[in-house]
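Visitor: Pasting in a structure now, in structure tokens, and then I'll have a few things to ask.
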Amino acid sequence: MIAATNNFEPEKIKAFIDTVKNYVPLWVMGTEEFSHQNGLVNVFQQLAAANPQLAQASTGLAMLVWQQNPLDRPSAIRCLGLNDSWCPPAMIKILQTIIDTPVSDIPVQDLDNLLQAGDHALIIRHLFPLLRGADGLSWLTHSWDTLLRMGNAELPRTALDLVNWNEDLIQLKQRLKVQYNFLYGSIEETLHDLEKLNHDIWSMWQDYMRSELLLRAGQTKEGTAILAELWKANIWNLNWGQKLHSLLNPIDTSNALDQSDEVAILLYSWNNGQLIENTLKGLAASNIGNARVFALNNGSDDSTGQGVNDSQYLFKQGHYKPIHLQTNVGAPPARNWLLAEPEVRKSKWAVFLDDDVEIEENWLEELLATAKAYGNPGAVGCRITSTGAPRSLQSADYHLFPPGNGTSQIEGLTERVMVFDSCRNGFDYGQFSYTRPAIHVSGCCHMLNMEAVHQCGDFDVRFNPTQFDDLERDLRATLGGYEHIYAGQLRIGHIQHSSLAKASNVRSMAQVFGNKIKLESKYSGHDLNVLFGKDMTMLWQDVERKWKELADNLMHR
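Counting in this note's numbering, the sequence shown runs from 33 upward without gaps.
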């Protein structure tokens with residue numbers, strides 16, 4: 033069963049949007065990030081007595097959260113509490129088992145230490161025998177997500193088979209198997225296993241995954257049709273609506289490279305010789321038209337310099353320039369050095385690419401076409417994922433919470449710059465494959481409007497060696513009147529993690545904290561309120577337009 037907004041009508045959609053805008057304005061940021069989902073369920077539930085549509089949103093979102101996280105005990109408790117009046121017996125048995133599964137007997141800290149060590153042999157030796165025991169489900173509950181992320185297809189598959197599943201939990205095992213196959217297997221195999229799920233139990237998750245699998249298989253019409261029916265029954269789902277609108281109104285990339293001679297593609301690298309060499313080869317093999325490429329060797333002492341030099345033969349004569357610095361000046365100065373190149377200064381667009389990315393053939397066409405569709409904004413970015421299996425999200429749809437909305441991560445510092453990381457390292461199920469305004473786009477691949485650079489300035493070198501410099505520039509450009517666009521229909525693979533994710537030792541963490549303090553001190557409370565207001569205004573204008581267009585489009589389908 034799907035928690036539905038009955039009798040799909042434009043008037044009801046408008047009423048829902050008006051109500052949510054007035055009472056739950058942060059809904060517009062998304063309905064996928066786990067903690068945000070739970071907050072929305074709470075607020076919807078509190079307001080449900082006065083508005084039946086919010087009651088449906090509360091029960092529906094609670095159901096979806098559990099279907100997405102079927103081993104999570106709090107999600108099971110909430111799902112059963114809000115949906116117990118209609119849950120089929122088979123679902124109740126699964127939910128009740130998850131709720132009743134003992135958690136106190138598991139040495140969670142020891143298990144976390146074992147998993148974080150990343151030693152596959154030790155995991156097999158110490159964890160796998162426990163999965164066979166009476167508490168096997170408890171051990172799997174605390175290890176499943178990490179096992180999926182380790183990049184070893186055999187670990188989660190074997191773990192799933194080792195647990196002693198009783199008859200009441202076969203559907204739970206099948207649900208986890210589908211997730212595993214989606215991340216590690218083929219589309220055909222995953223679709224086959226998906227059909228074995230009981231739709232009364234997995235409803236929304238099953239329909240969404242079927243839609244995404246068909247889209248990835250190239251069956252766009254069929255996948256879009258399933259998503260349309262799913263969203264019509266659940267108009268409270270922000271991400272589904274955004275994705276559906278993007279599918280029904282794809283960015284037109286025809287003739288996108290006609291003005292490619294106005295584009296400068298910029299890369300810089302320090303001691304990543306093989307990675308930047310591979311990135312430049314991929315760049316040369318993609319469709320970049322007459323764009324010019326500038327590659328900067330940032331004081332490397334490995335093969336980076338040679339790779340940067342040799343790559344000139346990959347590109348058209350006169351369209352590639354190698355640049356060599358004698359010392360590593362850090363990321364912000366390296367970016368500014370590239371932006372200061374005379375030919376770059378005269379360009380309309382400057383596209384920064386990290387030195388370790390895997391790009392799609394039409395990546396530049398998507399960025400340029402998106403910029404054209406949105407009236408030449410200040411910057412355009414895209415969806416950044418890991419490479420290989422399993423594919424997880426590194427960066428997606430960034431927005432800004434109101435100042436002070438959140439818990440400070442640095443003791444003694446009152447943090448006011450709170451960025452909503454909507455994907456938060458989740459797996460890439462296509463839930464962020466849409467296009468809309470954003471307060472910030474990932475620096476891994478972002479196309480800057482040089483007009484915005486001329487008007488608002490380049491990167492602040494105080495954020496050396498790298499953290500927060502791209503965010504700070506985007507915030508400054510927003511205050512200067514420029515809009516940024518997240519083009520989530522485009523995916524770029526990032527081999528290494530961001531500098532923030534890689535920060536682990538005392539020195540690197542100190543650099544992160546130091547730069548965060550600089551960021552906090554640079555913007556006043558008034559500035560941040562203005563930024564938050566601009567972000568919310570852009571998001572709500574976007575949603576109101578798109579939900580109306582969806583209602584008109586789907587009314588007679």
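All C-beta atoms in this analysis are idealised placements derived from N, C-alpha and C, irrespective of residue type, glycine included.
1) From residue 40 to residue 259, what does the alpha carbon distance come to, in whole angstroms?
2) Taking the runs of the alpha helix (DSSP H) that are 4 residues or longer, which of them lie wholly in the region 293–374?
3) Taking the straight line between their C-alpha atoms, what separation do you get for residue 81 and residue 145?
4) Only counting the same chain, and skipping five residues up and downstream in sequence, which positions put a Cβ closer than 6 Å to that of residue 321?
5) Do residue 94 and residue 111 have their beta-carbon atoms positioned less than 8 Å apart in this structure?
6) With distances taken Cα to Cα, identify the nearest neighbour of residue 480 among 437, 528, 399.
7) Ignore the nearest five residues each way along the sequence and tell me which others in residue 387's own chain have a CB closer than 6 Å to its CB.
8) Within 10 Å of its beta-carbon, does residue 578 have 16 or more other beta-carbons around it, so buried, or fewer, so exposed?
9) Per DSSP, which one or two residues make a beta bridge with residue 411?
10) Taking the alpha carbon of residue 549 as the reference point, which residue from 496, 422, 42, 332 has its own alpha carbon closest?
11) With DSSP as the reference, identify every bridge partner of residue 417, one or two as the case may be.
12) Give the secondary structure of residue 470 by DSSP, where H, G and I count as helix, E and B as strand, and everything else as coil.
13) On the three-state DSSP scale, how would you describe residue 406?
14) Determine, using beta carbons only, whether residue 176 and residue 138 come nearer to each other than 8 Å.
15) Using beta-carbon positions only, say whether residue 410 and residue 514 come within less than 8 Å of one another.
16) I'd like the span of the alpha helix (DSSP H) that includes residue 166, first residue to last.
17) On a CA-only basis, which of 394, 270, 257 is nearest residue 521? Give me that one, please.
18) List the residues that DSSP assigns as beta-bridge partners of residue 501.
19) Look at the alpha carbon of residue 255 and the alpha carbon of residue 337, and state the distance between them as a whole number of angstroms.
20) How is residue 449 classed by DSSP in three states: helix, strand or coil?
21) Out of 488, 181, 396, which one is the CA nearest neighbour of residue 424?
22) Which of the three DSSP states, helix, strand or coil, is assigned to residue 534?
23) My guess is that residue 45 and residue 576 are in contact by the Cβ rule of under 8 Å, so how many angstroms apart are they, rounded?
24) Compute the Euclidean distance between the alpha carbons of residue 435 and residue 315, then round it to the nearest angstrom.
25) Alpha carbon to alpha carbon, how far is residue 185 from residue 71?
26) Measuring CA to CA, which of 174, 317, 130 is closest to residue 141?
27) Assess contact between the region 58–72 and the region 453–467, defined as three or more Cβ pairs (one per stretch) separated by less than 8 Å. Is contact present?
28) For residue 430, report the span of its beta strand (DSSP E) as first-last.
29) What number of angstroms, rounded off, separates the C-alpha of residue 236 from the C-alpha of residue 96?
30) If distances are taken between C-alpha atoms only, which option among 552, 433, 519 comes closest to residue 567?
31) Look up residue 583 in the DSSP assignment and say whether it is helix, strand or coil.
32) Thinking residue 476 and residue 512 are a contact (beta carbons under 8 Å), I'd like their distance in whole angstroms, please.
33) Does the beta-carbon distance from residue 328 to residue 270 come in below 8 Å?
34) Grab the span of the beta strand (DSSP E) containing residue 384 for me, first residue to last.
35) Helix, strand or coil for residue 244 per DSSP?
Guide: Walking through what the data contain:
1) For this step, residue 40 is matched to residue 8 along the sequence shown. For this step, residue 259 is matched to residue 227 along the sequence shown. Answer to the nearest angstrom: the Cα atoms are 15 Å apart.
2) 305–317, 336–342, 363–371
3) For the purposes of this step, residue 81 is taken as the residue at position 49 of the sequence shown. For the purposes of this step, residue 145 is taken as the residue at position 113 of the sequence shown. Going by the C-alpha atoms only, they are around 45 Å apart.
4) Taking the first residue of the sequence shown as position 1, residue 321 is located at position 289. The residues are 289, 292.
5) Working through the sequence shown from its first residue, we reach residue 111 at position 79. Working through the sequence shown from its first residue, we reach residue 94 at position 62. Yes, the Cβ-Cβ distance between residue 111 and residue 94 is below 8 Å.
6) Your numbering for residue 480 matches position 448 in the sequence shown. Residue 480 has its Cα closest to that of 399, out of 437, 528, 399.
7) Position 355 of the sequence shown, counted from the start, is the residue given in the question as residue 387. Cβ neighbours of residue 387 beyond the five flanking positions: 299, 301, 304, 307, 308, 311.
8) The count along the sequence shown starts at 1 and reaches residue 578 at position 546. Result: buried.
9) Residue mapping note: residue 411 aligns to position 379 of the sequence shown, counting from 1. DSSP output for residue 411 lists 480, 516 as bridge partner(s).
10) Walking along the sequence shown from the start, residue 549 turns up at place 517. It is 496 whose Cα lies nearest to the Cα of residue 549.
11) For the purposes of this step, residue 417 is taken as residue 385 along the sequence shown, with counting starting at 1. The partner list for residue 417 (beta bridge, DSSP) reads 425, 525.
12) Indexing the sequence shown from 1 puts residue 470 at position 438. Here residue 470 sits in strand by DSSP.
13) Position 374 of the sequence shown holds residue 406. In this structure, residue 406 counts as coil in the three-state DSSP scheme.
14) Here residue 176 is taken as the residue at index 144 of the sequence shown, counted from 1. Here residue 138 is taken as the residue at index 106 of the sequence shown, counted from 1. Going by C-beta atoms, residue 176 is not nearer than 8 Å to residue 138.
15) Looking up residue 410 in the sequence shown gives position 378. Looking up residue 514 in the sequence shown gives position 482. Taking 8 Å as the Cβ cut-off, residue 410 and residue 514 qualify as a contacting pair.
16) The residue labelled residue 166 in the question sits at position 134 within the sequence shown. Looking at the DSSP string, residue 166 is not in any alpha helix (DSSP H), and its letter there is neither H nor E.
17) On the sequence shown, position 489 is the one that residue 521 refers to. With distances taken between Cα atoms, residue 521 lies closest to 394.
18) Stepping through the sequence shown from its first residue, residue 501 is reached at position 469. Answer by DSSP bridge pairing: none, since residue 501 is not bridged.
19) As a first step, residue 255 is located in the sequence shown; it is residue number 223 there, counting from the start. As a first step, residue 337 is located in the sequence shown; it is residue number 305 there, counting from the start. The alpha-carbon atoms of residue 255 and residue 337 are separated by roughly 46 Å.
20) Locating residue 449 in the sequence shown gives position 417, counting from the first residue. Three-state DSSP puts residue 449 in coil, outside helix and strand.
21) The residue given as residue 424 occupies position 392 in the sequence shown. Checking every option, the nearest Cα to that of residue 424 belongs to 181.
22) The sequence position of residue 534 within the sequence shown is 502, counting from 1. Annotation note: pLDDT 47 at residue 534 (below 50); position unreliable, no value reported.
23) Indexing the sequence shown from 1 puts residue 45 at position 13. Indexing the sequence shown from 1 puts residue 576 at position 544. The Cβ separation is near 10 Å, so there is no contact.
24) Here residue 435 refers to the residue found at position 403 of the sequence shown. Here residue 315 refers to the residue found at position 283 of the sequence shown. Whole-angstrom Cα-Cα distance: 40 Å.
25) Within the sequence shown, the letter at position 153 stands for residue 185. Within the sequence shown, the letter at position 39 stands for residue 71. Roughly 34 Å separates the two Cα atoms.
26) In the sequence shown, the residue the question calls residue 141 occupies position 109. It is 174 whose Cα lies nearest to the Cα of residue 141.
27) yes
28) As a working mapping, residue 430 is identified with position 398 in the sequence shown. Taken as a continuous stretch (DSSP letters only), the beta strand (DSSP E) holding residue 430 covers 430–432.
29) On the sequence shown, position 204 is the one that residue 236 refers to. On the sequence shown, position 64 is the one that residue 96 refers to. Approximately 7 Å, taken between the alpha carbons.
30) Translated into positions along the sequence shown, residue 567 becomes position 535. Residue 567 has its Cα closest to that of 433, out of 552, 433, 519.
31) Stepping through the sequence shown from its first residue, residue 583 is reached at position 551. Three-state DSSP puts residue 583 in a helix.
32) Stepping through the sequence shown from its first residue, residue 476 is reached at position 444. Stepping through the sequence shown from its first residue, residue 512 is reached at position 480. Not really, about 23 Å apart at Cβ, beyond 8 Å.
33) If you number the sequence shown from 1, residue 328 lands on position 296. If you number the sequence shown from 1, residue 270 lands on position 238. Not a contact, by the Cβ cut-off of 8 Å.
34) As a working note, residue 384 is residue 352 in the sequence shown. Start and end: 381–385.
35) As a position in the sequence shown, residue 244 is number 212, starting the count at 1. The answer is helix: DSSP assigns residue 244 an H, G or I state.
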